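Quick mapping for you: the protein sequence lines, in order, are chains A, B and C. Last residue of the first sequence? That's 334 in the working numbering, and every number before it is there in order. Last residue of the second sequence? That's 1334 in the working numbering, and every number before it is there in order. Last residue of the third sequence? That's 2334 in the working numbering, and every number before it is there in order. Worksheet for the structure shown next.
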Amino acid sequence: MDAFASEQPPVRHILSSSQFDRAFLDYLYTLTTTIRRFDKSREGLNYLRSLLPHKRAMLYFTQPSTRTFLSFQSACHILGITASEIRDASTSSERKGESVEDSLRTFSSYVDLIIMRSPIARLCERIATMLDETPRPVPIINAGSGPDEHPTQALLDIYTLARSLREMGGIEGKTICMVGDLKRGRTVRSLARLLTNYDGVKILFASPPSFRIADDLRQDLSASRFDFEETTDFAGAIAAADAIYMTRIQDEYEGDNAGAQDYHRYHLRAEHLPMLKADCAILHPLPRRDELDPRIDQDPRAKYWRQERNGMWVRVALLTILFGIDDRVQLPDL
Amino acid sequence: MDAFASEQPPVRHILSSSQFDRAFLDYLYTLTTTIRRFDKSREGLNYLRSLLPHKRAMLYFTQPSTRTFLSFQSACHILGITASEIRDASTSSERKGESVEDSLRTFSSYVDLIIMRSPIARLCERIATMLDETPRPVPIINAGSGPDEHPTQALLDIYTLARSLREMGGIEGKTICMVGDLKRGRTVRSLARLLTNYDGVKILFASPPSFRIADDLRQDLSASRFDFEETTDFAGAIAAADAIYMTRIQDEYEGDNAGAQDYHRYHLRAEHLPMLKADCAILHPLPRRDELDPRIDQDPRAKYWRQERNGMWVRVALLTILFGIDDRVQLPDL
Amino acid sequence: MDAFASEQPPVRHILSSSQFDRAFLDYLYTLTTTIRRFDKSREGLNYLRSLLPHKRAMLYFTQPSTRTFLSFQSACHILGITASEIRDASTSSERKGESVEDSLRTFSSYVDLIIMRSPIARLCERIATMLDETPRPVPIINAGSGPDEHPTQALLDIYTLARSLREMGGIEGKTICMVGDLKRGRTVRSLARLLTNYDGVKILFASPPSFRIADDLRQDLSASRFDFEETTDFAGAIAAADAIYMTRIQDEYEGDNAGAQDYHRYHLRAEHLPMLKADCAILHPLPRRDELDPRIDQDPRAKYWRQERNGMWVRVALLTILFGIDDRVQLPDL
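Next comes the structure, spelled out in structure tokens:
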């Protein structure tokens, strides 16, 4: 771990999934798996809490969120970090006409880390750049920026894929089927980009024609000679997949919902289970609606609930890296 | 205490006042009184905080509440438990069409306990049953479920009654007058049911005819041969009472408010004080409106403010039981 | 410090800037500067956190606020105090018709301190008086009471003035220019009153005629023979000033906004910088709108961002005084 720390540049902010390479992913996931072992005992948990009790974080979530919010908040609590929150811009100074830059700089006066989710694309980058020019810059974590990116979601998705497929040799060479609203789902964008770090992976994008992946993603994947296919053959795609990544319609964003009426043809139901590979991993970033049948929850191939909890642990690992204490996580004999 | 722990089945959830018997009540109240002694010193409070700092709780309160919320939150803090909160479903994934089961299962991924208050009757039971079938069940506490039940309120009411009447020999054989909106007040339902654990108690239900207790409660009390009387004679009832339990009109629930115009005849005013027994205890679950005159606050028989603070301590005791650390509360020489 | 503690009456509540004399200010600021030194190390921060972990505070903010809220919340966290919050009266019992007195007394049942911001003038005093008559009074801090007072803001403003002017011999004898909506800005009222504690200070009030200071403040300053001048000559005033205190239009309060159209003539822009004294300190309570040009942020005379962070430290100092542990802050060799 020291070796890594000396070779890698320190991570200042977490803004985009494009900032991570394969070495970082491997390091992060080893760290995450180590940290999860601390959860097994009261002593382990108390040790984690002793690492960062002198730090304060701000959760600035002006876009509705439950699980990302709670996952980050819990990750902070696990490390002893005190978390403040702004979830409603109407209780804040923005109502008094303050610019978002001033609001965020204000938060940076009081805390040591800002975790932000916002409907405004690229706001995180703008704020990180602004803060880096002040005498007291604090790290920014992008917890979802509009239709744009959701890098920590992609990190936890890959971690769950890697864990679920580890007895089949890991992610390399696998066929991953991504289903649903591929056009507007930011998790799809972030995840597909991160998967280009793994050799021999093929993505099957299964969606109604009107929900196909966006042009920029298609071009990026083509440019990196990544193997992918777009299809409307839902049944064929899920049968061929080593892992299925289901997503819901993102109709909270403006835009064309034409195609929603075909969406039910892309729902994964208990009836499909016999068609899937015996070791196929089923993931979903949640929340779900009708596209993922709750009767599947009992099937051992359903990984989405542990995917959710993995998210908390991946975020704990990221926090230790951001605060430069990741080398204190590996304790002998704990 | 060990004796108790070995004889009683462990408490997994707190869902209904009907799950408690007299042995449990006696144990809980002894424990509560012990815990309150820790509040007298900085060392005592620091010891309590050292008991559960590795635990995280979720306060899921989708129904407005101040005191129950703060009381539970403070109880968590006293034991070192980190408390997260959801108070507004509009900031949550339910806005994205998630089922309440999925939302609660999500919370259970991040925390070790869910305390929930909801306008939906029997939601707590449904969630507790659902979680018990998952690999990571967490305890559920019912902090008020619609017009249905509010078991921890009943527990703190009985504790306050027992403390207030202890120099008169305790609750046994006493006449308790319950006044107000007896039809819709869930505290009345939970409290009346719990009082059946005490011998020789008589309840006088004083209310306008349209606010009489509901049929199911009447039938339950009759079936258990419990001594009760329904009356419109407010003055007679309060004069006969060893304790008076005032309640407000529950007009936040839908339903018939006919009878509200008679309600003022069931207000306890300073002018009534000379009519009450010298040792009569006056309780109210609060918040109050006009039914309880603030001039009574100064009278030594007014117990409602300490009833409120008792609630916090009873909840601390319940949390130690739920997490199985109640045996660590009795320290020598602290 | 012990000397001070024995001579001064203990501070029970923080309600108005008029309760502070020069001796208190000097003591508070020495304490604040000492506490800021603890921020330099993990050990210092951990020591501060060990001072009050057995205490709980309520932040009752029914008026929108970001920075005052976060500043107090962070101050609590720095001392280990657990902070609960009520930011929206609609989630509370006031919706059930509870009086504000009952609500606040309820909070006092659960916590050890109430920090309140409210649109109701003099509510803090009323609540402090009410609580002082109960068996369990807790301290009240006024964190802004309508158009009335904002004493902790004035305390941090003076601290920032004193720090900024310390190489010029401190606040005594200086000319302070206050600009903007002087009529309704409560920080202006509290700050001007506190400045009367410093000898030889002159205030220049620069504003459109319709935003001049209120009659009561003018009379108070005249009665205490304080040197001040009201002017519409913005350029002349800022050129003469040793410190400039900018404020925004308080249009969230009802009342006459006539004069707002002249307000732009009282904006401080980058073009004004050459006119200012070389050591002039520029302050602003923030949030700002157009009255303070963001291009000024880079100028070394801009003190408003550190003013914001100073606020947190002044509040930490106040909390140690309220809880009577200020004598534990001065540690040797930390």
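Beta carbons are placed, not taken as given, at the ideal position from N, Cα and C, and that holds for glycine. These figures come from a predicted structure and were not determined experimentally.
I need the straight-line Cα distance from residue i to residue j, nearest angstrom please.
| i | j | result |
| --- | --- | --- |
| R42/A | T30/A | 22 Å |
| M1001/B | Y1198/B | Reliability fails at M1001/B, whose pLDDT of 41 lies under 50, so the model's placement of it is uncertain and the value that follows must be treated cautiously. Looking at the two C-alpha atoms, the distance is approximately 22 Å. |
| M168/A | S1109/B | 26 Å |
| D148/A | R189/A | 8 Å |
| G146/A | I249/A | 15 Å |
| I120/A | A2281/C | 35 Å |
| V2100/C | F2226/C | 38 Å |
| G1180/B | I2127/C | 29 Å |
| R2309/C | S2071/C | 8 Å |
| E133/A | R22/A | 30 Å |
| T1231/B | V1329/B | 44 Å |
| D2233/C | A2240/C | 11 Å |
| R2036/C | W2313/C | 7 Å |
| Y245/A | P1139/B | 31 Å |
| G1170/B | A1162/B | 5 Å |
| I1325/B | A1192/B | 30 Å |
| R1335/B | H77/A | Because chain B here runs from 1001 to 1334, residue 1335/B falls outside it and cannot be looked at. |
| T2106/C | L2123/C | 16 Å |
| R1166/B | Q1153/B | 20 Å |
Residue i CB to nearest chain C CB: under 8 Å?
| i | result |
| --- | --- |
| E977/B | Any answer about residue 977/B is impossible in this case: the structure gives chain B only from 1001 up to 1334. |
| T106/A | yes |
| E98/A | yes |
Just to confirm the assignment, what range does the alpha helix (DSSP H) spanning residue i have?
| i | result |
| --- | --- |
| F1069/B | R1067 to I1078 |
| M2246/C | No alpha helix (DSSP H) holds M2246/C; the beta strand (DSSP E) holding it covers A2243 to M2246. |
| L319/A | Y304 to L322 |
| F2221/C | A small correction: the amino acid at residue 2221/C is Leu; Phe does not occupy that position in the sequence shown. D2215 to A2223 is the extent of the alpha helix (DSSP H) around L2221/C. |
| N1046/B | R1042 to R1049 |
| T1134/B | T1134/B -> no alpha helix (DSSP H), and no H or E assigned at all. |
| S1084/B | Premise fails: S1084/B lies in the beta strand (DSSP E), T1082 to I1086, not in any alpha helix (DSSP H). |
| A1162/B | P1151 to S1164 |
| A2192/C | R2186 to L2195 |
| L2031/C | R2022 to F2038 |
Hey, is residue i's beta-carbon within less than 8 Å of any beta-carbon in chain A?
| i | result |
| --- | --- |
| N2197/C | no |
| Y1159/B | no |
| L2334/C | Bear in mind that the predicted position of L2334/C carries a pLDDT of just 44, short of 50, making it too unreliable to give a figure here. |
Just reading off the beta strand (DSSP E) that residue i is part of, what are its end residues?
| i | result |
| --- | --- |
| R56/A | R56 to F61 |
| R1117/B | L1113 to S1118 |
| F1107/B | Segment V1100 to Y1110 is the alpha helix (DSSP H) holding F1107/B; no beta strand (DSSP E) there. |
| T2175/C | T2175 to V2179 |
Along chain C, which residues have their Cβ under 9 Å away from the Cβ of residue i?
| i | result |
| --- | --- |
| D102/A | L2286, P2287, R2288 and P2294 |
Below 7 Å, is the gap between the Cβ of residue i and the nearest heavy atom of the ligand COA?
| i | result |
| --- | --- |
| I1115/B | Among the components modelled here there is no ligand, and therefore nothing to report on the ligand COA. |
Report yes or no: is there a C-beta of chain B within less than 8 Å of the C-beta of residue i?
| i | result |
| --- | --- |
| L268/A | no |
| T2247/C | no |
| S2118/C | no |
| T2129/C | no |
Name, please, each residue of chain A whose Cβ falls closer than 7 Å to the Cβ of residue i.
| i | result |
| --- | --- |
| G1110/B | The identity of residue 1110/B in the sequence shown is Tyr, whereas the question assumes Gly. Within chain A, the residues near Y1110/B are L70, S71, S74 and M312. |
Show which residues of chain A have a CB atom less than 8 Å away from the CB atom of residue i.
| i | result |
| --- | --- |
| T1082/B | H77 |
Looking at the C-beta of residue i, does it have a partner C-beta in chain D at a distance below 8 Å?
| i | result |
| --- | --- |
| S207/A | Protein chains in the displayed structure are A, B and C, and chain D is not among them. |
Item checked: Against chain C: residues of the segment 1053–1078 of chain B by CB proximity under 7 Å -> P1064, T1066, R1067, L1070, S1071, Q1073, S1074 and H1077
Check: Can you list, in chain order, the residues of the segment 1284–1312 of chain B whose Cβ is nearer than 9 Å to any Cβ on chain C?
Finding: L1286, P1287, R1288, R1289, D1290, P1294, D1297, Q1298, W1305, R1306, E1308, R1309, G1311 and M1312
Margin query: Output needed in chain order: residues of the segment 1027–1054 of chain B with a Cβ under 8 Å from some Cβ in chain C.
Written below: R1042, L1045, N1046 and R1049
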